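With the numbering used here applied, the sequence shown corresponds to residues 284 to 619, in that order.
From the three backbone atoms N, C-alpha and C, an ideal C-beta is built for every residue, glycine too.
Predicted model only: the values in this text are computed from it and were never measured.
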Amino acid sequence: MNAVNHQFKLAARPVGMLKPSDWSYGEEPVGEPGDGEVLVKILYVSLDPAMRGWVNDARSYIPPVGIGEVMRALAAGEVIASNHPEISVGDHVTGLLGVQEYAVAHGAALLKVDTSLVALPVYLSTLGMPGMTAYFGLLDIGRPKEGDMVVVSGAAGAVGGVVGQIAKIKGATVIGIAGGPDKCRYVVEELGFDAAIDYKAHDLDVALGEHCSKGIDVYFDNVGGEILDAALARLSRYARVIICGAISQYNATGALSGPSNYLSLLVNHASMTGFVVTDYGDRYAEGATEMGAWLASGKLKSREHIVEGLETFPDTLQQLFSGENTGKLVLKLAGD
Ligand SMILES: NC(=O)c1ccc[n+]([C@@H]2O[C@H](COP(=O)([O-])OP(=O)(O)OC[C@H]3O[C@@H](n4cnc5c(N)ncnc54)[C@H](OP(=O)(O)O)[C@@H]3O)[C@@H](O)[C@H]2O)c1
């Protein structure tokens, strides 16, 4: 194949906020699939807060992306050549395919998806990694019961929006925390949350006190920092705190801002548990089946925030940290 593969590679270890000079944009010939491998034309690239962590030279749940390597990213595309017995040309797949136009990957590392059920980007969103994060984090760790008070931060985002909707399905009262009136309106009017708090406009301690006068039974944390601390101060007895992420801290250059209200865990007999979605890799089918049925019946809504053009990658990734996305941020490549 003579086509050219445009790619973004990591050019420098970022310090603080990501900068355009942290990336290099270049091209290479499209690779040839070897034994058991397939060639994928990438149609959508998932942009995730975790990508900020993947470029730090620090110990984590996954090795850092090396300088000069194609930036790691989940992506979805169409198979255009296959040497794998169970994957055919024309199949749609998802996997860690990188920020590029074409990827060669082993068939065993890819997931085949059915675009007759939902559109391809939904497999990077509610039926992909963020949806699984919401599903297993909330249900396995948060264990919401009917009548519980569930609070979720990053409520208008990919994970938070699904968390709140599943908590409603389970009969909880759900309060979202999000930045700005439009996002707050969206989670209440579109997603069916009971209420939302605009943390940029209101005193969170006061607002949580008003909305959660009997305490928070489940707090699903996507942002960390001061918002986590405010939620800890309002826990009810036997509360469950899920540490999913801490986006407010991902660009920190000094010490992270940790919770000072942690003794609330002691006095409330509460738990705070961190998790990584890949812990649940062998149960994704379970999450996909149940969330797929909720999507089909209209109980669950999936929203993708789609930006076009591979070349916009550095600016578009930044939207996660400036809060410009509502729903799952996805980059759409030419050709779909
Ligand atoms: N543990 C896991 O396995 C796992 C898996 C997936 C994701 N995560 C984590 O889950 C969280 C949400 O991920 P996502 O993909 O759903 O992203 P997202 O919520 O769709 O997008 C990020 C959102 O974070 C908010 N934000 C940015 N900076 C903030 C700050 N300083 N303070 C408060 N909010 C801020 C913005 O919303 P506002 O406009 O509302 O501020 C922004 O839209 C992230 O922390 C991510 O790392 C963890």
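Residue i versus the options, residue with shortest Cα-Cα distance
| i | options | result |
| --- | --- | --- |
| Gly-528 | Thr-416, Gly-299, Leu-379, Val-457 | Thr-416 |
| Met-574 | Phe-604, Gly-414, Gly-373 | Gly-414 |
| Pro-427 | Lys-451, Ala-479, Gly-437 | Lys-451 |
| Thr-595 | Val-323, Arg-335, Ser-307, Ala-359 | Ser-307 |
| Gly-373 | Thr-409, Ala-359, Met-354 | Ala-359 |
| Leu-394 | Ala-553, His-367, Ser-580 | His-367 |
| His-289 | Gly-299, Gly-378, Met-300, Pro-312 | Pro-312 |
| Ala-364 | Pro-316, Arg-342, Ala-392 | Pro-316 |
| Gly-498 | Asp-465, Pro-464, Ala-479, Asn-551 | Asn-551 |
| Val-445 | Phe-604, Glu-493, Phe-419 | Phe-419 |
| Asp-397 | Ile-370, Leu-600, Ala-478 | Ile-370 |
| Gly-557 | His-389, Met-412, Ala-295, Asp-423 | Asp-423 |
| Gly-463 | Gly-564, Val-524, Tyr-482 | Tyr-482 |
| Gly-349 | Ala-295, Asp-562, Tyr-385 | Ala-295 |
| Leu-421 | Ala-568, Ile-449, Gly-537, Glu-493 | Ile-449 |
| Thr-561 | Ser-399, Met-412, Tyr-385, Leu-380 | Met-412 |
Range covered by the alpha helix (DSSP H) that runs through residue i
| i | result |
| --- | --- |
| Thr-398 | That residue, Thr-398, is in no alpha helix (DSSP H); it is neither H nor E in DSSP. |
| Ser-547 | 546-550 |
| His-289 | No alpha helix (DSSP H) contains His-289, which is instead part of the beta strand (DSSP E) from 287-293. |
| Ile-452 | 441-452 |
| Ala-356 | It is not in any alpha helix (DSSP H) - Ala-356 carries neither H nor E in the DSSP assignment. |
Sequence-distant residues of its chain with Cβ nearer than 7 Å to residue i (five each side left out)
| i | result |
| --- | --- |
| Ala-513 | Leu-487, Asp-488, Leu-491 |
| Cys-495 | Met-432, Val-434, Ile-458, Arg-517 |
| Gly-447 | Val-435, Ala-438, Val-457, Gly-459, Val-470, Leu-474, Phe-476 |
| Ser-543 | Asp-512 |
| Gln-602 | Asn-608, Leu-612 |
Cβ-Cβ distance between residue i and residue j below 8 Å
| i | j | result |
| --- | --- | --- |
| Pro-332 | Pro-597 | no |
| Val-382 | Val-362 | no |
| Gly-606 | His-588 | no |
| Val-470 | Ala-461 | yes |
| Gly-319 | Val-387 | no |
| Ser-519 | Asp-504 | no |
| Leu-410 | Leu-612 | no |
| Tyr-327 | Lys-615 | yes |
| Pro-297 | Val-323 | no |
| Ala-571 | Ala-522 | no |
| Val-401 | Leu-578 | yes |
| Gly-351 | Leu-293 | yes |
| Met-334 | Asn-534 | no |
| Leu-548 | Met-555 | yes |
| Ala-356 | Pro-347 | no |
| Ser-408 | Ser-585 | yes |
| Gly-425 | Val-321 | no |
| Leu-515 | Tyr-545 | yes |
N- and C-terminal bounds of the beta strand (DSSP E) containing residue i
| i | result |
| --- | --- |
| Asp-340 | Neither: Asp-340 is in no beta strand (DSSP E) and is coded neither H nor E. |
| Arg-523 | 518-526 |
| Ala-479 | 478-481 |
| Gly-557 | 554-557 |
| Gly-381 | Looking at the DSSP string, Gly-381 is not in any beta strand (DSSP E), and its letter there is neither H nor E. |
| Ser-605 | Per DSSP, Ser-605 belongs to no beta strand (DSSP E); it is in the alpha helix (DSSP H), 596-605. |
| Gly-459 | 456-461 |
| Tyr-502 | 499-504 |
| Lys-611 | 611-615 |
| Tyr-308 | 306-312 |
| Leu-639 | The structure shown does not extend to residue 639, since the chain is modelled only from 284 to 619, so the question has no answer here. |
| Ile-510 | Per DSSP, Ile-510 belongs to no beta strand (DSSP E); it is in the alpha helix (DSSP H), 508-515. |
Neighbourhood of residue i by C-beta distance below 6 Å, restricted to the same chain and skipping five residues each side
| i | result |
| --- | --- |
| Val-287 | Glu-310 |
| Ala-392 | Gly-378 |
| Gly-507 | Ala-529, Ser-531, Gln-532 |
| Cys-467 | Ala-461, Ala-479, Asp-481 |
Cβ-based neighbour list, residue i, same chain, cut-off 8 Å, excluding 5 preceding and 5 following
| i | result |
| --- | --- |
| Phe-291 | Trp-306, Ser-307, Tyr-308, Val-353, Met-354, Val-382, Gln-383, Leu-593, Phe-596, Pro-597 |
| Val-559 | Tyr-344 |
| Glu-509 | Leu-487, Ser-531, Ser-540 |
| Asp-619 | At Asp-619, the pLDDT of 46 sits below 50, so the modelled position is not reliable and the matter cannot be decided from this model. |
| Glu-429 | Lys-453, Gly-454, Ala-455 |
Closer than 8 Å to chain C by CB, residue i
| i | result |
| --- | --- |
| Val-613 | Judged by its chain identifiers, the structure shown contains no chain C, having just a single protein chain. |
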